[in-house]
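For reference, the structure discussed in these notes is given below.
Number of protein chains: 2
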Amino acid sequence: MVTIGDVAKAAGVSRSTASYALSGKRTISPAVVQRVLDAVDELGYIPNAGARALATSHTKVIGLLGRFLDDEFAPAMLQYILGVTNRARELGYDTLLVSEEDGVHALQRLSSSRMVDGFVLLNVAERDSRLEILRHAMQPGATVGLPAECDGVDVFDLDFIESGRLMVQTMHDAGHRELILVSQPVHVVERGGAYVWRLADGARERAAELGMTLHHHHGDSSQPGIGTDLHAVLDQHPGATGLLLNNEAAAAALPSVLAARGLAAPRDISVIGRYSDDFARTFSLPFTAIDSAADELGRRAVQQLVARIEDGPDGTAPHLVDLIPPTVNDRGSIAAPPSLRG
Amino acid sequence: MVTIGDVAKAAGVSRSTASYALSGKRTISPAVVQRVLDAVDELGYIPNAGARALATSHTKVIGLLGRFLDDEFAPAMLQYILGVTNRARELGYDTLLVSEEDGVHALQRLSSSRMVDGFVLLNVAERDSRLEILRHAMQPGATVGLPAECDGVDVFDLDFIESGRLMVQTMHDAGHRELILVSQPVHVVERGGAYVWRLADGARERAAELGMTLHHHHGDSSQPGIGTDLHAVLDQHPGATGLLLNNEAAAAALPSVLAARGLAAPRDISVIGRYSDDFARTFSLPFTAIDSAADELGRRAVQQLVARIEDGPDGTAPHLVDLIPPTVNDRGSIAAPPSLRG
DNA sequence: CGAGACTGTCGAACCGGTTCGATTCAACGT
DNA sequence: ACGTTGAATCGAACCGGTTCGACAGTCTCG
Numbered sequence: 001m002v003t004i005g006d007v008a009k010a011a012g013v014s015r016s017t018a019s020y021a022l023s024g025k026r027t028i029s030p031a032v033v034q035r036v037l038d039a040v041d042e043l044g045y046i047p048n049a050g051a052r053a054l055a056t057s058h059t060k061v062i063g064l065l066g067r068f069l070d071d072e073f074a075p076a077m078l079q080y081i082l083g084v085t086n087r088a089r090e091l092g093y094d095t096l097l098v099s100e101e102d103g104v105h106a107l108q109r110l111s112s113s114r115m116v117d118g119f120v121l122l123n124v125a126e127r128d129s130r131l132e133i134l135r136h137a138m139q140p141g142a143t144v145g146l147p148a149e150c151d152g153v154d155v156f157d158l159d160f161i162e163s164g165r166l167m168v169q170t171m172h173d174a175g176h177r178e179l180i181l182v183s184q185p186v187h188v189v190e191r192g193g194a195y196v197w198r199l200a201d202g203a204r205e206r207a208a209e210l211g212m213t214l215h216h217h218h219g220d221s222s223q224p225g226i227g228t229d230l231h232a233v234l235d236q237h238p239g240a241t242g243l244l245l246n247n248e249a250a251a252a253a254l255p256s257v258l259a260a261r262g263l264a265a266p267r268d269i270s271v272i273g274r275y276s277d278d279f280a281r282t283f284s285l286p287f288t289a290i291d292s293a294a295d296e297l298g299r300r301a302v303q304q305l306v307a308r309i310e311d312g313p314d315g316t317a318p319h320l321v322d323l324i325p326p327t328v329n330d331r332g333s334i335a336a337p338p339s340l341r342g
Numbered sequence: 001m002v003t004i005g006d007v008a009k010a011a012g013v014s015r016s017t018a019s020y021a022l023s024g025k026r027t028i029s030p031a032v033v034q035r036v037l038d039a040v041d042e043l044g045y046i047p048n049a050g051a052r053a054l055a056t057s058h059t060k061v062i063g064l065l066g067r068f069l070d071d072e073f074a075p076a077m078l079q080y081i082l083g084v085t086n087r088a089r090e091l092g093y094d095t096l097l098v099s100e101e102d103g104v105h106a107l108q109r110l111s112s113s114r115m116v117d118g119f120v121l122l123n124v125a126e127r128d129s130r131l132e133i134l135r136h137a138m139q140p141g142a143t144v145g146l147p148a149e150c151d152g153v154d155v156f157d158l159d160f161i162e163s164g165r166l167m168v169q170t171m172h173d174a175g176h177r178e179l180i181l182v183s184q185p186v187h188v189v190e191r192g193g194a195y196v197w198r199l200a201d202g203a204r205e206r207a208a209e210l211g212m213t214l215h216h217h218h219g220d221s222s223q224p225g226i227g228t229d230l231h232a233v234l235d236q237h238p239g240a241t242g243l244l245l246n247n248e249a250a251a252a253a254l255p256s257v258l259a260a261r262g263l264a265a266p267r268d269i270s271v272i273g274r275y276s277d278d279f280a281r282t283f284s285l286p287f288t289a290i291d292s293a294a295d296e297l298g299r300r301a302v303q304q305l306v307a308r309i310e311d312g313p314d315g316t317a318p319h320l321v322d323l324i325p326p327t328v329n330d331r332g333s334i335a336a337p338p339s340l341r342g
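Listed in order, the protein sequences are those of chains V and D.
Per our numbering, the first sequence starts with residue 1, numbered consecutively.
Per our numbering, the second sequence starts with residue 1, numbered consecutively.
Right under this line is the structure:
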């Protein structure tokens with residue numbers, strides 16, 4: 001393997017000079033710099049990461065800790081991951097992906113062994129035991145998902161409360177007065193998926209303000225349960241003209257459910273969902289939806305994390321809680337309710 | 001940070017003795033070993049990864065290089081990734097996930113900087129420029145995906161030729177004589193997705209042997225194109241009673257296409273697909289299918305890679321080409337063709 | 001014209017592990 | 001009684017970078 005010593009020898013200088021020539025941390029004569037650079041690409045020198053990490057205590061690696069639960073939605077998870085890895089690479093960092101069940105243990109291991117310069121936590125729960133560790137770690141951290149207690153970390157999430165309000169408002173503006181909201185199953189809430197009730201709260205609040213009726217149901221997170229659930233809910237509320245979906249599986253199942261009932265959106269019923277644009281493309285979901293912006297959230301988390309890493313431990317920029325505003329992707333599944341039309 | 005020096009001091013021994021006590025590479029008295037172990041967990045000592053890597057030239061990290069193409073199927077990719085990271089962790093390794101466009105460059109960077117002990121390449125193409133680099137790298141590599149030239153790497157893939165044969169044979173056994181195969185789009189083949197024609201070849205071969213008619217079509221890899229394609233193909237071959245799908249988007253779109261045509265499987269048409277079991281569960285695809293076994297392929301690749309890493313560079317175990325045999329997951333979408341029934 | 005500042009370079013130390021050779025001491029065989 | 005072996009431990013060197021302090025030579029300015 002070619003070391004900086006080899007480069008130095010080839011350029012006829014000392015190791016330290018070669019190092020300074022490459023880092024530019026001291027003035028080195030242009031002639032020498034050029035000789036060193038020539039030697040570098042003649043020999044194909046790439047510094048040894050371990051040695052550099054040892055000397056600088058910076059690894060240029062960030063740790064990405066996911067919670068990959070069985071009923072977590074795969075396409076969305078991949079979006080988060082790619083957002084993180086791509087942005088990290090753009091900023092000169094590699095990404096260590098950890099899928100370990102025991103996130104607390106993984107965090108301790110990576111932190112104390114100094115394998116990474118910082119952490120991004122995905123799918124952060126309302127009370128997430130990993131945060132406790134992260135706050136005491138010497139590396140900074142960013143989360144995707146809004147926990148109950150945000151200090152010591154930078155937090156990124158979709159603004160779910162506003163999303164709920166926006167869904168209801170949109171339906172109201174189109175003339176609807178009775179809505180059904182289909183959320184994730186209760187166990188998702190119980191394990192800390194606070195986004196479920198955040199969206200529901202926003203929706204309820206706005207519905208109350210506007211004097212609308214809102215029925216809230218938790219649906220299964222996969223087929224065929226969710227199909228049955230949707231049928232049941234539609235049977236139960238024949239007067240409802242608008243459907244709000246905060247449940248990817250429901251969005252995926254709805255087209256066949258509607259077809260089975262001889263309904264079409266927006267002719268018979270209006271629909272608005274909340275899922276990633278990418279997901280909609282792959283499965284051509286024909287519903288207007290709030291983009292969950294997984295990719296963007298991953299990118300922002302990394303961006304902020306790297307800024308904090310490079311500010312050093314004394315950088316005292318205040319911690320962020322960045323809730324990105326919902327944007328509606330209009331796919332034409334909302335119209336006036338049948339009763340208002342000719 | 002607590003170093004092995006601190007541990008040694010706390011145990012009243014030299015650094016080298018502490019090191020040997022922990023590694024067991026020399027005999028150390030039980031009393032001392034105990035004192036060292038006590039010191040370790042009193043101080044919470046975890047070795048510095050960079051320093052260890054520098055000394056041992058082993059990082060306990062494997063590099064996972066994906067090609068995340070736009071129309072690559074997200075749920076499947078995540079399955080591969082989790083198979084790799086989970087198995088790696090079980091074997092004591094962490095995983096560096098690289099999504100960089102320029103795989104060749106990434107490979108060179110990680111290899112020369114000695115950041116990883118070995119590589120797993122996903123989505124390997126027929127002629128994959130990354131393989132050339134990998135063969136000359138000092139770290140071993142395993143691929144998921146069968147390239148034209150396999151030497152110097154361990155190769156893992158589903159046996160697509162046999163999968164094609166099996167699809168046709170299964171339909172034949174049920175009494176079908178005219179089949180349609182819907183594959184991935186032509187551009188997937190052109191960029192090296194050889195599995196597409198491998199499956200098609202196997203299918204064609206077996207159809208010829210059995211005297212059956214097989215129509216082969218390339219369909220779009222996403223909606224709404226694939227929906228249109230499916231309609232067109234069904235219009236074009238009214239005599240076909242069996243549908244073979246080697247295209248995930250087609251599988252996802254088929255239920256609504258069938259519904260729109262007033263058809264049901266297996267009543268009017270029999271269907272067999274090739275996609276991951278996990279995908280089928282999430283979307284409740286009601287079709288009998290060959291499991292693409294993404295998770296298992298990832299696990300096997302890592303398993304073999306780690307074996308090769310730990311054998312050291314002189315380990316001369318022959319390189320594998322492990323094509324795992326297709327298994328059919330019966331979901332009841334195959335029956336005798338209508339013409340043969342009462 | 002000499003003190004002071006600046007430029008460019010080098011040697012040595014350091015980061016935190018692992019590992020080799022040497023050393024001490026007790027047990028053993030003859 | 002004495003060399004031999006083996007167990008247990010230590011000090012020093014090494015892995016491959018970075019960085020600090022020193023130093024020689026050149027330039028500047030009073």
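Each residue gets a CB set at the ideal place from its N, CA and C atoms; glycine is no exception.
Could you give the residue range of the beta strand (DSSP E) that holds residue i?
{"i": "D:E178", "result": "E178 to S183"}
{"i": "D:H218", "result": "T213 to H218"}
{"i": "V:G193", "result": "No beta strand (DSSP E) contains V:G193, which DSSP labels as neither H nor E."}
{"i": "V:T143", "result": "G141 to V144"}
{"i": "V:G242", "result": "G242 to L245"}
Should residue i and residue j be called a contact, given that it needs their Cβ atoms to be closer than 8 Å?
{"i": "D:G118", "j": "D:R308", "result": "yes"}
{"i": "D:E162", "j": "D:G193", "result": "no"}
{"i": "D:D220", "j": "D:A249", "result": "yes"}
{"i": "V:I272", "j": "V:F287", "result": "yes"}
{"i": "D:A142", "j": "D:L244", "result": "no"}
{"i": "D:S19", "j": "V:L82", "result": "no"}
{"i": "V:G164", "j": "V:A200", "result": "yes"}
{"i": "V:V196", "j": "V:V233", "result": "no"}
{"i": "D:L258", "j": "D:A265", "result": "yes"}
{"i": "V:I133", "j": "V:V104", "result": "yes"}
Listing by chain order, which chain V residues have their CB less than 8 Å from the CB of residue i?
{"i": "D:I46", "result": "Q108, R109, S112 and S113"}
{"i": "D:F119", "result": "Ordered by position in chain V, no residue passes the 8 Å Cβ test against D:F119, which lies about 13 Å from the chain."}
{"i": "D:R281", "result": "S222 and Q223"}
Using the three-state DSSP reduction, which class does residue i fall into: helix, strand or coil?
{"i": "D:G298", "result": "helix"}
{"i": "D:I334", "result": "coil"}
{"i": "V:S19", "result": "helix"}
{"i": "D:S129", "result": "helix"}
{"i": "D:V40", "result": "helix"}
{"i": "V:G262", "result": "coil"}
{"i": "D:N48", "result": "coil"}
{"i": "D:R87", "result": "helix"}
{"i": "V:G92", "result": "coil"}
{"i": "V:R267", "result": "coil"}
{"i": "D:D322", "result": "strand"}
{"i": "D:L69", "result": "coil"}
{"i": "D:A317", "result": "coil"}
List the endpoints of the continuous alpha helix (DSSP H) containing residue i.
{"i": "D:V116", "result": "Careful: D:V116 lies outside any alpha helix (DSSP H) and carries neither H nor E."}
{"i": "V:H172", "result": "F160 to A174"}
{"i": "V:L230", "result": "G225 to Q236"}
{"i": "V:D291", "result": "No alpha helix (DSSP H) contains V:D291, which is instead part of the beta strand (DSSP E) from T288 to D291."}
List, in order along the chain, the chain V residues whose C-beta lies closer than 9 Å to that of residue i?
{"i": "D:A203", "result": "What D:A203 touches in chain V: nothing, since even the nearest Cβ is about 25 Å away."}
With respect to 7 Å, is the separation between the Cβ of residue i and the closest non-hydrogen atom of the ligand SAM below this value?
{"i": "V:G50", "result": "In the structure on display, the ligand SAM does not appear, and there are no ligands present to speak of."}
Under 7 Å between beta-carbons, which chain V residues line up against residue i? List them in chain order, please.
{"i": "D:F68", "result": "L82"}
Residues of chain D with CB under 8 Å from residue i, in chain order?
{"i": "V:P266", "result": "The contacting residues do not exist; V:P266 stays about 17 Å from chain D at best."}
Interface residues of chain D around residue i at Cβ under 7 Å?
{"i": "V:S19", "result": "By Cβ distance, chain D contributes nothing, its closest Cβ being about 16 Å from V:S19, past 7 Å."}
Cβ-based contacts, 8 Å cut-off: residues of the stretch 94-105 of chain V near chain D: If the cut-off is 8 Å between Cβ atoms, the stretch 94-105 of chain V has D94, T95, L96, L97, V98, S99 and E100 near chain D.
Short-range partners of chain D found in the stretch 76-88 of chain V, where Cβ spacing is below 8 Å: The residues in question are M77, L78, Q79, I81, L82, T85 and N86.
The stretch 25-51 of chain V: positions lying closer than 9 Å to chain D by Cβ: Listed by position along the chain: G44, Y45, I46, P47, N48, A49, G50 and A51.
Contact set between the stretch 135-158 of chain V and chain D, restricted to residues whose Cβ is under 9 Å from the partner: Hits within the stretch, in order: M138.
Short-range partners of chain D found in the stretch 159-186 of chain V, where Cβ spacing is below 9 Å: Residues: none.
Chain V contacts from the stretch 228-257 of chain D (Cβ-Cβ distance under 8 Å): Within the stretch 228-257 of chain D, contact with chain V at the beta-carbon level (separation under 8 Å) is assigned to A249, A252, A253, P255 and S256.
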